Each structure stands twice: as structure tokens, then as C-alpha cells.
Amino acid sequence: MDLGIQNVSKAFGATAALRDISLAIHAGELIALLGPSGSGKTTLLRLIAGLESPTAGQVFFGDEEASGKPIQQRQVGFVFQHYALFRHMTVLENVSFGLSVRPRESRPPKREIEMRAMDLINMVQLTGLERRYPAQLSGGQRQRVALARAMAIEPKVLLLDEPFGALDAQVRKDLRHWLREIHDRTGHTTVFVTHDQEEALELADRVVVMNEGQIEQVGSPDEVYDHPAAPFVHRFIGEASELPVHLGQGQIWLGGQPTGLASDQIGLALLFFRPHQIELVDDGSPCLVGKIIASRRMAGTRRLDLLVGSGGHHVEVDVPIDHPAGQQDMLTFRPKVWTLFPENEDEAGVRRKEAREARVVYPRNRSAGPLRQYEPSCS
Amino acid sequence: MDLGIQNVSKAFGATAALRDISLAIHAGELIALLGPSGSGKTTLLRLIAGLESPTAGQVFFGDEEASGKPIQQRQVGFVFQHYALFRHMTVLENVSFGLSVRPRESRPPKREIEMRAMDLINMVQLTGLERRYPAQLSGGQRQRVALARAMAIEPKVLLLDEPFGALDAQVRKDLRHWLREIHDRTGHTTVFVTHDQEEALELADRVVVMNEGQIEQVGSPDEVYDHPAAPFVHRFIGEASELPVHLGQGQIWLGGQPTGLASDQIGLALLFFRPHQIELVDDGSPCLVGKIIASRRMAGTRRLDLLVGSGGHHVEVDVPIDHPAGQQDMLTFRPKVWTLFPENEDEAGVRRKEAREARVVYPRNRSAGPLRQYEPSCS
Amino acid sequence: MADQTISIQSATAETPLVRLVLMAIAFLFLALFLFLPLVVVVSEAFRNGVGAWFQAILDPDALASIRLTLLVAAISVPLNMVFGVAAAWAIAKFEFRGKAFLITLIDLPFSVSPVISGLVYVLLFGSGSVLGPWLKGWGIEILFAVPGITLATIFVTFPFVARELIPLMQDQGSADEEAALSLGASGWQTFLHVTLPNIRWGLLYGVLLCNARAMGEFGAVSVVSGHIRGLTDTMPLHIEILYNEYNFAAAFAVASLLVGLALVTLVLKTAIERRYAD
Amino acid sequence: MTATVQSSRWHFREPGVIPGFRLTFGFAVCYLSLVILIPLSGLVWHSSNLGWDAFWALASDPRTIAALKISFGSAVLAALINTVFGLVVAWVLVRYRFPGRRIVDAVVDLPFALPTAVAGIALATLYAPNGMIGAWLADFGFKVAFTPAGIVVALVFIGLPFIVRTVQPVLEEVDREIEEAAATLGASRLDIVRRVLLPGLLPAILTGFAMAMARGIGEYGSVIFIAGNIPYVSEIAPLLIVIRLEEFNYAAATAVGVVMLSISFLMLLIINLIQAWSRGRFGHG
Amino acid sequence: ADFTLLNVSYDPTRELYKEYNQLFIDSWNAKTGDKVTIRMSHGGSGKQARSVIDGLEADVVTLALEADINAIAEKTGKISAAWRERLPNNSAPYTSTIVFLVRKGNPKGISDWADLVRDGVEVITPNPKTSGGARWNFLAAWAWAQKAYKGDEPSVRQYVSDLFRHVPILDTGARGATTTFVRRAIGDVLLAWENEAFLALDELGEGAFEIVVPSVSIKAEPPVALVDGNVEHKGTTEIATAYLEGLYSEDGQRLAARHYYRPYQPELADPQDMTRFPDLKLVTVDDFGGWKKAQPTFFADGGIFDQIYKPER
Ligand SMILES: Nc1ncnc2c1ncn2[C@@H]1O[C@H](COP(=O)(O)OP(=O)(O)OP(=O)(O)O)[C@@H](O)[C@H]1O
Ligand SMILES: Nc1ncnc2c1ncn2[C@@H]1O[C@H](COP(=O)(O)OP(=O)(O)OP(=O)(O)O)[C@@H](O)[C@H]1O
Ligand SMILES: [Mg+2]
Ligand SMILES: [Mg+2]
Ligand SMILES: O=S(=O)([O-])[O-]
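Residue numbers (our numbering), protein chains in the order written: chain B, 45 to 423; chain R, 45 to 423; chain A, 930 to 1207; chain D, 70 to 354; chain F, 68 to 380.
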């Protein structure tokens, strides 16, 4: 079942939760809606399910406009973040519910309902627990009941709102694989919401990156990771270090110093790169120089916090675990892969402010405190 | 302030939450208690704080046995997982609370209490929000109020129960740095609980890995990551692939095939290695052969799911993002770094069963389903 | 919810028709059983005009009954409040055996007939008992005096505060208290600065209900009062006396006072709660 | 608070740091004993004066049984009526916004506050054949006041807040998502209410029902004004107690009292146990 | 000196004692200079007696029935067993009787007891179990039936039984029954104390009701007694005795008549008031063997009243 969202807006009173969104979802795809809190992911999902109706625009199920279709007839399986299981029903009753409320004429006989529910319970690996009540299950098990329940109605579309948001990191990871498998096996059109980029990248065929009620980018995990279309996407997906630079003379300059990175553009820009996509430079060629202010172990590598340039810009880079940089004071390096987003003089201040506010502010280049007394020395 | 835990046990009715635990924590250390849910982390922390009393054993503060010391006199700052902020008090009042309930003779004058509270609020970067009520703060801000409140009583020991557990991934990450900084600045002895290994590794001086009420390993992040002392630790910290092997003739064998890995031991064993610590083998030398059943993007690398050996053991490995393996059917590889845990015939079954139950079970090498119809072919 | 643009029928709300019908049923029901009795009381109270109303209220016996009622409430409500807080603390903050049984005992007075509630004190302190004459020997009057009336009132209003607080405090758990203790607060400081503010609305509500019931109790008090005019008649008893004297307007005038008091406190409580609850 | 090392031996209470258990528990139990238990045990003791045979004769007297039947029957009926309409009232108060909602909400507690005698008189005034509602009903041939139906009317008034006040908070907490989930599964609004919402409210409804009923069984003040008080027809058990007292027959009065008390206590206990069970099973209170 | 007296009385005497108390206070003050406060407690006669038994410190009791005072005497010993002989007329300073109150114009044409059991007639009386007045009602009906059926006990029972089958509401007290009849407009005839009936005429609807005097009624003797145990303890014997004796004085008797009670000595009352009392044939409780016998026979648990309510089914 293809899904079409066409120029959809949704306002709650004065808040615009969605602003003129368009999106085409193909049958059988596994799509992730990724974005920070409040970006409108849930709202979009609920619009598709028919739990909300758009202020403007249309939602298509195949070629059919869905606005007139009551939620009961949309045949969407919706999995709620907190599962919304019926707690006075057993697992079996929960899963059977959708079939047992069908109108008499299309309702399968009791035995068949039970059989189909048992099949689903089997599929989500909960056989043996079908007589339990939700309160007697772990979080991960509940999540799977919720999924089985949604799938029992043979939905054309499966919608999941932060399916693993409430779970332990470890459990979350396991369930991810499992969701992917289920998807591959059943071939539903699946849309899931997450604010965890790792989850989106690992799981989805395509990722829809949302921000403030708008879609910033739609693309495969590789596309959004390797070719972010906007500073927001770069910051939000994967780890990002950014530096305000200016371009000219075929080079990228940071605070008057050449960086050794080539660019044929001119003007102000933001330089983005990922901590692990750098190379260390020790041949004296133009590069970035950072004062090492902290070093910590990250799984297979060592993560360094640097202050770079005369502005003391905070930047993170990864070096091999056994690299002597950990014991040094300064690091000279160059991004191997980087992205430039041009910006003009006026916007510059505003942008950076926004960037900072999008995350929780912690002491970076602000006043006071012993940590911030280092003055970066430049090469 | 050194902390000593000596042969401490704690039972709740029939459940043994802690079994004969001993641990020495040095003054000024930042210690992480890491373990799966129910492993007794919170219980241990509450025992130190005096919020519970041990069923057996002793807790030392410095050289002093603490059992007779009521919680009010222990001078521990405790940060609760859900903050437990006083809802009807402003940020300032929350932070001042500990000082303002001191007995009259040791209570600072009102002005001083306020000044000291403001200093702390300043330190946790909440200046300007001191008149707000907790309900008017974001999760991350509340967390910081909770910390400031705990620090106001000038604790000798700071205890934090999953300090970032309830926060967004992004916010969590930011606050981590910040906690480390605070710790470094104030020099408290700090113990924090987490079930997120990444958090523990990144933040702590030493990590205490707990499982089922017992300590499995204590060591620096590097130690527990690189030299796990038990299969549980290897599985729980970092990513692990494991294979049941047997040893003999100076080699490690998987299902009758040599792996090209040397060992001078003899008998059954479990071979552990990390997905990113492998090397691809294409010279025809003895190695592991895996059937590629899935491939997904992981930040900077590509993660492959393999079925290895005649038993069809599920194994994960990482290959470079642009490596052609993603398009192939089979992969030949060898761990670069690995660990062996010997096990005898009887235990083998039990162990593996345990391993599976420790995580949520999802369809690995079980029956049915299209995914599991591949028969791995060996070299 | 209000300004949602409803172009399709929301699945989680009733159709406007159903909503209308439900509201009509609710209003009709409330009208029949709550509002109309209220209207009767008030309209009867003012049947003979405002002057007559004041006359009825300012009658010395009426004033005496008002004083007595206030006195009884002033003793029994704080006692039950202290009990309610103590019981809720013990039940919500600790795990101990026999908790469900204790809760059932606390509920019990709800289900005891007011006639019995009075009777038990008659049995306990009446002339036929051991205790009554002994106390009388010491000059202590229980029955047919303020202590007896107070005891009966306490019995009847016993569960109100505890009932309100127990679920509330159980829901809130002990984390706040533990936090306060770890910050060095004593048990008393913890209760005063942390617990009390957390439960204030529930407490207020319980106290108001307890008070309203204390002032309105009829059956139990009737048994132990002795009905001595101007001395042991509470407002409800005085209302009965007036009614039996065919002085209907005066009876309803005093009743309207009770209703007014109850309404004012209930509405006041709602208003305060709305303003200060976050 | 002694933080001595505890072995796993039996203890009355789980150890913990929160202070004040002895004080509060001690006070609560003492006060409970003084104010409730000792007086009630006096009641039981008095009825035991009768001896078992006499007690049984009294308890099984047809008049007593009739009165108990009437009391319990009307209490059950009133509680049922309250359950249905109280549910609607709670629903309307929780789900709908309309002007004056908070006032209506506040007024629901009125029956707690109004002296029962006044309530009885007011209701009798309304429902008497010459009263506002009574006259109207009389046109249709219904008689309410001074018939057994009158008892029910009084008990509906008395019991209303119990149902509304127990259901309301639970209804407020019902997660909207539960309803949405049911809707996405194809359930009609009626199905949702009937099969999803109501079962979830059941424990609260049950509690409210039990409380309203327990209160109704014992109610005296309001009922005698509006019931006909005819033996075997509309004579309630508390009235029978009063009659026994007028005969200076304390033992008989207490015997009826003890029968009522035991039934009520048993009912409350069962309800509390059901509650505990359902909390354990469904994970809510 | 200051004295406080507590008079524990039954319901219909409120108006009488309100006035008499003032009278007594003034006269006692004039005579001795003592200040007296008199407190009243009103309620159903049986309930009032029980309160005194349970320890209500009444100086005097002025109840509806001899039986109730007997009960106090027996259960507490606070009243001398010979209390009836202490004051004239068996300690009943005033008497009353039972009459019918019917609606204006007597639409059901009720003239005597026989009419009460006609089809479609509804009779209002309180419950003899809880109301003193109602017991007089019961005995009056019984007395008429005995006469009408020439002492044939089964027929008498049948009549009384029929009578109560015509009672739709059994209020717990005389006042309640009056209210039901008058305010709720239920029933065709109210069996009432004579004084209640007159009061109803006066206070509740002049012209809305009529009094019907049956051919036979009973002489109701509401007695008064000193509670010796209490007055001795309180030191009020003298004044309480005077209080009761005052009821027999000229002033007392006149007041009783004014409040529709038949004075023991009619010659002391205002002749104007006396004209209001119709002549009628009165039996007395002594015809039933006195209260000591009548009470257990008719009204005790399992007595005749309970028997006539035994369900037939
Ligand atoms: N029912 C509602 N009434 C008013 N505003 C709403 C409502 N639902 C959502 N909003 C607002 O719409 C915006 C988008 O909310 P939405 O729940 O879709 O975000 P989200 O991306 O799902 O965030 P999260 O990750 O926190 O779940 C937010 O500003 C939110 O406050
Ligand atoms: N108050 C208590 N009563 C009974 N059992 C308890 C209590 N507190 C903890 N337990 C039990 O003790 C064991 C350890 O619990 P603890 O809370 O210390 O685990 P944890 O490691 O903090 O887990 P989590 O990550 O879920 O917080 C668990 O089995 C738990 O059920
Ligand atoms: Mg959301
Ligand atoms: Mg924990
Ligand atoms: O007051 S009576 O006893 O006659 O009801």
C-alpha cells in the first residue's frame, strides 16, 4: 500500500505542529521518522492513522483520499510508544481484540480468531505467555504484544511511535533486529518514529529527518549520513563537529589560518565533519590545531575534546586507542570528509545560537570555571 | 572519603538482591556501577547512602563503620533517578533545602544559605531559573537541580542512581561531559549507577560490573573492555560475538575446522571477539567463514550478520563502509583480538542458555521463517 | 481539544448526539437527586422572607446549636485529621503485615449504621455499663453531653481524611522523603517541608469532607445527644426539633445554613485547588 | 531507627529509613481501637448476652429477615442505579467541558454534607404525591415517596458521591491511547466503551458500588422520612434496631446490629481483597 | 440560688411546656427569689425514656405513657415504684383522647371507627412500637371493636388488623404522622391526639381539616413523675416537686386546657377553652388491665401488634 502525504499542515491552536509537509511512501518500505522532540513526528504518524485530521492538505492511501475514512476502516496497525495494551485482557485477548470486534458478518469464528492470534503470538516469540496479563510482562515483551496486536488486523500499513523508546538500551538493540526481520517477512508498509538516529540508520530503508514541523531531508541512511542536506541534518545525524570558517583563494580558512582544505567558493560558511573522519597531520602542512582538553575511551577508539582556533571552538575527534595523542597537549589534524554550508554575515550569529539551543547547553565557550581557562595556542 | 563495602548481603524477603559483595572505593574516584536490570545496583547505592540497611556485612566511611550512622549524618549526596525534586519549592528552595534544615546551631544565616545555593545554581548553569518550579524545567534542567541540591550539603560522597536514565539520548550525552567536569572540579567521591555501558565507559574512572547481586569485575574502562574477566562481562560490555569452540593441537577449532587462531590449551571453550576487531582473510589460510544474512549501516562502518560454522552460529562483524563484502554472499575473516573462556561439557548447554536468557530472546538459531533457511557453506 | 478542526469523526470521542444525550442524562439525574433537594431546602428556608430567615438563625436555641456544632467539629475534625495523616503515613510509607485488614477497619465506619454508631457509645458509657457510672463518679459526663456527641461524630467521620490520603500517598511513594532525609532533614522536618506540601490538596479535601459530615451528622448524634434544647442539640437535631414544631421555615433556614456552608467550602476548595495546583 | 543487622527472620515490617513508623502506626492503631474497635466490640459483647439460640432466633425472625432484605435490596438497587448514572455523571465531568462544570463537580459531594434528616425531608417534599416530582410521577401512576421506591430514592442520594468519587479519578487517568489503540484495531465507539474502558474501570466501580451499598444498608435518618416504614414492606433494618431499642431490648437491637455489621465488614473485606488481587494482576489500583 | 431543671418530655407537649416553664420560673422566683432555668428535651416517648434509662439526668419526666415511666423505674430504680400514687389522678395532671382528623368537608364521610376499614380509606397513624400516641390509637380502636363485636376476640383482632392494613405509612412519631397527613396530603384520616388535632387545625391550615369524634375513644393519661435518683443527686428535689405540683395548680390546669389538654380539674380552666372539648365516651387503660398488662400483651416483641403484621403468605 503506497502512502501519500500532500501539503499537509496541522495546527494545535496557535502551535503549528506540521507545516506543509509532502511525502511519498512506497509499498513495503520501512520508513523512519527521525527528529528532535517536538518536531512533529508523532503528529504526522497520527495523521496517517486518522487519529488526527489535518488542518490543511491530504493523506492518500494508494490512490484514495483518506480524509473521509474513519479510523476504524483505515486498517492501519498502530503501535503506541507506551504500548497502550489493554491491561485487563490477557496477551491472547489483546491480540485477538481486533478480530473479535469486527462486525458479525466479517468476523471469523471464535476458534479461528484464537488460532490466528496464537500464530501471531508465536511469531513474536511469546508462546507460553498468552495467558499472562500485561502487568506480568517485561517491557520488551509488552512491546511485542503491542506489535502482534497491531498486526492481527492484517493492516495495510504499520505505524510505530517510538516503538523502543521506553526500553533498556540492550533490549532496544535486540528488538531492532527483530522488527527488521518481521518487516522483511510480512512486507508491510511500515513507518516508525524515533528520535534515536542510530535506530533510524540501522533499521530504515529511508529516513525522514524532521525539524520544527518540516521535513529537512528524505533519503537512505547512507544518504542522510554521508550527504546531509542541511546543517540541522548534519548535527542531528551522527556526531558532528562544526567550525565557522570563511572561504576564499581556493581554500578554507579558520580565523585567518589556512586549513589545508580546498574550496572554490567564497564567503562565510560552516565547516562540518565527523569525529572519526579525520586524519592526523604531522608533516607541518596547513591543518587544524587543537588544544586537547579531555580524552575518553569510546568502545574501539579514543575520543578527544579539542579547542580549535583563536575563537576556542569546541571540537571532537577520534584517534586510535593506542595513539600517543592521548598523552600530548596539542593535536594537528584535518577532516578527511567534510561538508560546507554557506551562511551570510547576518545569519551567522543567529545560526550558531540556534545550534546551541537545540541541544542542552553545557559549559563550552562560556565564562568562568577552571576548565575554561585554557587559551588555545595556534600553529 | 574512602568507601568500603565488606561482605555485604541484602535480602528482600526471599529475594537476594546482593550476595556477599566487597568493594573498595577510593577518595575522589568516579565509579560506575554497571549491570543489567535487577542486578542490585540501586540496592548497593542505597546501602551506601543508608537508605537500606544490609542483611549482613558492613559499610565503611573512611575507617568508620557506618551501620550506626543514620542517613542524616552520613553526608552523602544522593541523586535519585527520577530526581525526586520537591515540586512545591523553587529551584532555589530545592537547592537551599539541605542547608536550611540543619540544626540551628550549625545552620548558616539565611543570606549565606541563599548565596551558597546561588553559587551552586550558577555552577550547574541554571542561573536565571532559580525562581522556577521543577514543573517548569526540562528533564535535563531538573537533573541538574537534583545534582546541585545534593551537592549543597557538601557531601563527602556523591551517589547518583541512573542520573541520565530518564533523558533523551542527545541530552544524556551532553550531561555526561558535564558531570565529568563537575566531578573533576569538586573532587567528590562519586558513585553512579547505569545500565548503559557506553555511559559507564565514557565517564568512569573505574567500572564495577554487576550481575545477579554479585560483582563480576572491577576495573578501568579499558580493562573491562579489553580484558573482560568473565563471559558475562564480555557480553555485557561492548558488542560481542561468541562461538563455542574446542581447543587442541595448538589451535582453536570450530566444528572440526581450524580457525587459524592459536591456543595452547585443550578442551571446550567459548571464543569471544568484538565485531570491529576482525580482519578479513582472502589468502585462503584457515579462518572463519560466514554466510552473510544481513547488512546494515552503522555510523562509520557496515555491520554484517553472519551465520558461521555448521551449527549456524549467529555472529556480527564490521567491515569498512565501502567494502564489497556488502554485496557478497560469504565472508572469510579472523578475529584480531579475542578472548577464550573455557567451559566443560556439562556446563556448555546451561551457559549458552543463560546467555540467551540474559537478553531478550529473538529468533536467532531457532526454527521456521525464511531468514533461517540458509545453510551456511564452509570453506 | 477544544479548537480541533474536526473534519472526520474522532474515534475517541462520542458523536455530538451521544454527547448531548449523556450530558442530558447526567444533568437530569443530578437535578432530580441533588439540585432539586437543594432548591427545596433553600426555597423553604426563605418562604417567609429574609427577615424570618434571620430570626430563625438568630434564635438563641439556634445559635446555641450552631455553637455546639462548631465546637464538636472543631474537636473531632482535627483529631480525625491527625489520625488520617498518621494512618496514611504508616500505611503508605511502610510495608507491614495485615495492611489490607487495617485498611478495611478504617473503612468500617462508613458501613456502620449511624444508629449503631450512636448505640455503641450508649452501650459503652450508659448507666448500664461499667465505664459510664465510674466516669460519672469522677464528674465526667460522656453521654448526653459534648464528649458523647463528639465521640459519635468522630466515629462517623473517622475514615474521611485517611481514605483521601492513603491512595494519594501510596501513589507518591517515598522518594521525596528519602531525598529530604539524605539532605539531612529530620523526620519531622521531612514531614513538614516535603510530605505535607505534597499532600496538601488531598488533605484539604479530606478535612473539608470530614468537616461537612461532622456538622451534618444526624443519626448517630441523635442517639447520644439527649436532645436538650439549647444545650445538647446540634444543628441537625435542632432542625428536627423545629420541623417537629411545625416550624418548617425555621427548620429549613437552619438547614440552608448547613447547605450554604457545605457549598461554600466545596466551591472554595475547587477554586483554591484550581488556582494553586500546577 | 536502629540500623542493626537484620537476619532473614520474620519481621512485622520491612526495614527502611523513613522514620515514624512506631509513632504513626502506634497512634493510628490506638486511636482506631479507642474510637472504633472497643465500642464495636462492646456491641458484639452485648449481643452475646443473648446466647446463641436467642441470637439465632432473633436473626432468623421473619421480621428481621424481611427488614434486612429490604435494607440490602434497596441498598443494592440504589447502588446499581448510582453505578449507572454515577458513571455517566463521572464521564460527563471528566470528558466534557461546559460552563459551570467545576460547580457541578463540587456539588456532587453535597450528600456527604447535608444532614441526612434534611435530605430525607427535602426528598420527601419533592417526591410526595403532592410534591414537585411526585405529582408529576403520580400522573403516570407512579408512587415513589412512602413506598419501597422511596427508600431507593433516599439511598441514591446518599450513595451518589461514593460512585462518582471513586470512578472519576480512575477515569481521569485512563490513557487516551488505550482508546485510540482500540479504534485503530477497528473497534466502534461502543465497543471501546464496553470492552475496553468499562473493564478497566471495573475495580473502581466495584469499590464505589460496595461503599455506596455499605453506606446505604445502614442509612437511617433520610430513609425514615421518605419510606412508608410498613413492616415487611418498607421497614429497614436500622429502624428495626430503633424499634428494639424502644422496647428497651438492647440485646435484640445489638443482635440486628451485629448481623448488619458482619455482613458489611465481610463485604468491605472482600472488596479490598478483590482490589488487592486486581492490583497484583492488572497492575493498577 | 440558681437551679436548672431538665424536663424530659414527649413530642406534642412542646407548646404547653414552653409556656408553663415561663410561668413556673416567674412564680418560683417571686416566691423564693431563686433563679430557675428549665431545659426541655422532646422526642418520641419511648426514646426519651430510654435516654433517661441510659443516664440522661432528667429531674422530671413528662411522657406519653405510664409504661415508659414504669420502664425507667424498673430499669434504673431512679423513680420510686409508687410514683403513680404521689400525685393526683395517677400522676396525670392532664389527659387527652384520640380523635379523627379528616379533610375539609369529610369527603370520605368518616364518622366512626367502622368507617376506617372501608375500601379506599387510608388511615394515618404512627407506629405503636415507636410512638406513645400510636399506642393510645391502637387501644382506642381495640376498645371500640370490643364493644362493636361484643368482645369476640377474633373479630376484634380482624378489625384492628384490617385497620392497619389501611395504613400506608407508619411514621415513627405523632408529629411525623401529622406532617404526613397535613403537609404531604396523604391519607383520608389521621388518628391523632386530641391536642395534636386541634393544633393542626390552628397552625397548619385553618379550615382545611375537620375533627371527627368517634363514638368510643380512650382516655389517654400522659403521666408525669419525679426522677428521684437524679433530683436527690442534684439537690433539686424541692423545686422539681413544686414544678410537677404546679401542673395541678389553677395556672397549670388553665394552661393545659388552653393547649387542648383536658385538665384534671376542668373547673380551674377557662370555661371558654373547655367548650372546645367534645363529649365522648371514654374507656381507660384500666379497662385493659392497666399499662402493666396492656404493654406486654399488645406492644411487646411478639405481642398482638406484631401478630397482626405477621405476613399471611
Ligand atoms: N494535542 C496537542 N495539543 C496541542 N499541541 C500539541 C498536541 N500534540 C502535539 N502538540 C504540539 O505539536 C508539536 C509537535 O508535537 P509531536 O508530539 O508531533 O512531536 P514529536 O516529534 O512526536 O516529539 P516527541 O519526540 O517529544 O514525541 C509540539 O510542539 C507539541 O507541543
Ligand atoms: N524494596 C524491595 N523489595 C523487594 N525486592 C526488591 C526491593 N528493591 C529491590 N528488590 C529486588 O532486588 C533486586 C535488585 O534490585 P535493584 O533495584 O537493586 O536492581 P537494579 O540493578 O537497580 O535494577 P534496575 O536497573 O532495574 O534499576 C531485584 O530483584 C529487585 O526486584
Ligand atoms: Mg512523539
Ligand atoms: Mg535501579
Ligand atoms: O410523641 S409520640 O410518642 O406520641 O409519638
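Glycine residues also receive a C-beta, built at the ideal position from the N, C-alpha and C atoms.
As the structure is a prediction and not an experimental result, all values here were calculated from the model.
Unbroken alpha helix (DSSP H) run spanning residue i, endpoints
{"i": "F:Gln339", "result": "Pro338 to Met341"}
{"i": "B:Asn166", "result": "Lys154 to Met167"}
{"i": "R:Met254", "result": "Note, R:Met254: premise wrong, no alpha helix (DSSP H); beta strand (DSSP E) at Arg250 to Asn255."}
{"i": "R:Arg131", "result": "That residue, R:Arg131, is in no alpha helix (DSSP H); it is neither H nor E in DSSP."}
Inter-residue spacing [alpha-carbon to alpha-carbon] between residue i and residue j
{"i": "B:Phe26", "j": "B:Arg146", "result": "Since the first and last residues shown for chain B are 45 and 423, residue 26 of chain B lies out of range."}
{"i": "A:Pro1165", "j": "D:Phe181", "result": "13 Å"}
{"i": "A:Gly1135", "j": "A:Thr998", "result": "19 Å"}
{"i": "R:Ala194", "j": "A:Trp1018", "result": "25 Å"}
{"i": "B:Met162", "j": "B:Phe377", "result": "58 Å"}
{"i": "A:Thr1161", "j": "F:Ala125", "result": "13 Å"}
Boundaries (first-last residue) of the beta strand (DSSP E) holding residue i
{"i": "R:Asn51", "result": "Leu47 to Phe56"}
{"i": "F:Lys348", "result": "Lys348 to Val350"}
{"i": "B:Leu312", "result": "Gly311 to Phe317"}
{"i": "A:Ile954", "result": "Run containing A:Ile954: none in the beta strand (DSSP E); it sits in the alpha helix (DSSP H), Pro945 to Leu959."}
Distance cut-off 8 Å: residue i Cβ against heavy atoms of ligand 3
{"i": "B:Gln187", "result": "no"}
{"i": "B:Thr86", "result": "yes"}
{"i": "B:Gln125", "result": "yes"}
Residue i CB to nearest heavy atom of ligand 1 below 8 Å
{"i": "B:Gly57", "result": "yes"}
{"i": "B:Leu211", "result": "no"}
{"i": "B:Ala61", "result": "yes"}
Contact test: residue i Cβ vs ligand 2 heavy atom, cutoff 8 Å
{"i": "A:Glu943", "result": "no"}
{"i": "R:Leu204", "result": "no"}
{"i": "D:Ser143", "result": "no"}
{"i": "R:Val237", "result": "yes"}
{"i": "R:Ser81", "result": "yes"}
CB contact flag (residue i, residue j, <9 Å)
{"i": "F:Gly319", "j": "F:Pro193", "result": "no"}
{"i": "R:Leu384", "j": "R:Gly334", "result": "no"}
Chain R contact for residue i (CB, 9 Å cutoff)
{"i": "D:Gly85", "result": "yes"}
{"i": "B:Met342", "result": "yes"}
Minimum Cβ-Cβ distance from residue i to chain A less than 9 Å
{"i": "D:Pro88", "result": "yes"}
{"i": "R:Ala55", "result": "no"}
Cβ of residue i within 9 Å of any chain D Cβ
{"i": "R:Cys422", "result": "Note that R:Cys422 scores a pLDDT of 33, beneath 50, so its modelled location is shaky; the value from the coordinates is reported in the next line. Chain D, which has no Cβ nearer than 9 Å to the Cβ of R:Cys422, makes this no."}
{"i": "A:Ser1040", "result": "yes"}
Residue-level contact to chain B via CB, residue i, 9 Å cutoff
{"i": "R:Met45", "result": "no"}
{"i": "R:Glu242", "result": "yes"}
{"i": "R:Thr59", "result": "no"}
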